[in-house]
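Residue numbers (my numbering): 783 to 1116.
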Amino acid sequence: MQYRFDKYVLDTEHLYLTAGGEPVAADARQLQLLSLLITGFPECCERAALLEDLWPNTVVSHWSLGRLVSDTRKLFREQGYEGPLIQTLHGRGYRLSPELAEQLREVRSSSPQQSERDTPETAGSDSDSNAPVGNPAALDSAPAPDRTSSTSSFAAARPAAYFWRLWIGMGLLVLVTALLVYLITARRIPDDGAPLVIGEAPDVRGRILWVDDNPDNNLAERAHFESLRIAVYLATNTDDALTLLSMYRYDAVISDMGRGREPLAGFKLMERMRARQDSTPYFLYTIMPSDSQRKLVRQRGGNGVAVAADELFGLVLPIFGLPEANAKPSAPPP
C-alpha cells in the first residue's frame, strides 16, 4: 500500500519513501513505525505493542522507542516537512498526528518493471494499427515504423536505467560518508583518557555514559553499576560525549557539573543534547547541589541531581527495572 501526503509517498509494503519523486535514505524501522501508526489510526499504538512489532524477539528499553520516534521526526524535518508527524500520548504510547492523517491519500502502487512490460506492448499495438494494408509501396517502407518502435522502447528503458544509476550513486555516497565519519571520529577520541571498552558481557541490562574529567573519582559507583550487569562507558569532555552519543545507544548519561575551566560544563552538555532532540535520561552528580540548581536542571530537560551515591542509584536504577533496594549508601563524590 502506498500513501501520499504533502510531497511524500510512503510505500508501506516495500518500506520505501520518496520526497518530491526523489528517494529518501530512511531507516526501515522508521518507515515501519509510520506504517504501524497509519494502520492503527485513530487509536493509540501502545508502547509494548510497538516494541514487539519493531524489535521482535528482542529485549530493548522503552527509551529505544522514544529515540526511534525522535529520529523519525528529525528525518522529516530535515526533508522540509514542518507539520506535526507523530503525537505522543504520555503514559500510553504514540499515535499518528490527526493533521497528517487528514492529508493521507492512498495511491495506486506501480513499479519500473511494470512500466517496462507495458511500454513495448503499447508500442507494438500502435505500430500494428498504423501499418498500411494492401499497399506494396507502403510495405516496402516498413523499416520506418520499426525505427520509431525501437526509439520508443529505448526511451521507456531510460527511466529504469536512471533509477538504478541513482541507487548505485547513493550507495557509493553513503559508503564514502561512513568512511569519513569513522576516520574523523577515530582522530577525535583521545588516547590519554580512559579507553572505551567495545566488548561487553552479552547479558548486560543496559549502558551508561559517564562524563567526568576525573573518572577515578567514581570508581566505587561504577563498580556497583557493573555488579548489577550495567555497562559503564567513559568520556572526559563534552565533545567526546556528544560524539559517542551520536554513534551508540545509551540508556542514561551521568555527568559532573564542572570540568577544567568550564564550571557549567554539565549544564552545557545537557542543553546541547536536548537541542539535537536527544532524549536520553540525564543526571548531574555533583557535590554542591541546591534547590535552584535542581529546579533549573528539570526546566532544561534533565532528569535529576544527586549528591551522594545512594541518591544517584535511586535515580538511575529504576531506568533498568531495578528497585531502589539495590542502591548502597556511599560517601558523596569528592
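From the three backbone atoms N, C-alpha and C, an ideal C-beta is built for every residue, glycine too.
Residues bridged to residue i (per DSSP)
i	result
T800	V791, P805
S1037	V993, L1066
E828	G875
Y785	L792, E888
P865	In the sequence as presented, Pro is not what sits at residue 865; that position holds Gly. None, per the DSSP bridge assignment.
T870	Y876
E1044	R1041
Buried or exposed (CB count within 10 angstroms, at least 16 for buried), residue i
i	result
T904	Because T904 carries a pLDDT of 40, less than 50, the predicted location of this residue cannot be relied on, and no value is offered for it.
A1047	buried
T1062	buried
Q812	buried
R887	exposed
A830	exposed
T854	buried
G988	buried
R1004	buried
D998	exposed
F1095	buried
A960	exposed
I990	buried
N839	exposed
P918	Reliability of the predicted coordinates at P918 is poor, the pLDDT of 42 falling under 50, and the value obtained from them is presented with this limitation in mind. When all chains shown are included, P918 counts as exposed.
Y964	exposed
W949	exposed
Y1030	exposed
L962	exposed
L1078	exposed
D1073	exposed
Assigned secondary structure, residue i (DSSP; H/G/I helix, E/B strand, else coil)
i	result
W946	helix
A810	helix
S1009	helix
W837	coil
F858	helix
R849	helix
Q885	helix
T1018	coil
A924	Residue confidence for A924 is low, a pLDDT of 45 falling below 50, so the modelled location carries little weight and cannot support an answer.
V986	coil
G1084	coil
V963	helix
F936	Because F936 carries a pLDDT of 46, less than 50, the predicted location of this residue cannot be relied on, and no value is offered for it.
G953	helix
V1089	coil
S817	helix
L1104	coil
R1056	helix
V842	coil
R1004	helix
F823	coil
R1076	helix
S1028	helix
L1097	helix
Closest residue to residue i among the options (Cα-Cα distance)
i	options	result
G875	Q861, E834, R1058, A1088	E834
D788	F1007, V1035, E804, G865	G865
G1040	D995, T821, Y863, V842	D995
V986	S1028, Y1032, C827	Y1032
D1038	R877, R1082, N1019	N1019
V956	D809, G1096, Y1015	D809
L816	E804, L847, S843	L847
D1092	A1002, V1035, R786	A1002
P805	F945, V993, F1049	F945
V851	L792, L867, L1016	L867
G1083	V842, W949, D1060, I1101	D1060
A883	L832, P838, E825	E825
H1006	R859, L1099, Q784, L836	L1099
E881	Y863, A1057, V889, G873	Y863
A1013	S1028, P1105, I1036, H872	I1036
R1011	H872, G951, L1104, R947	L1104
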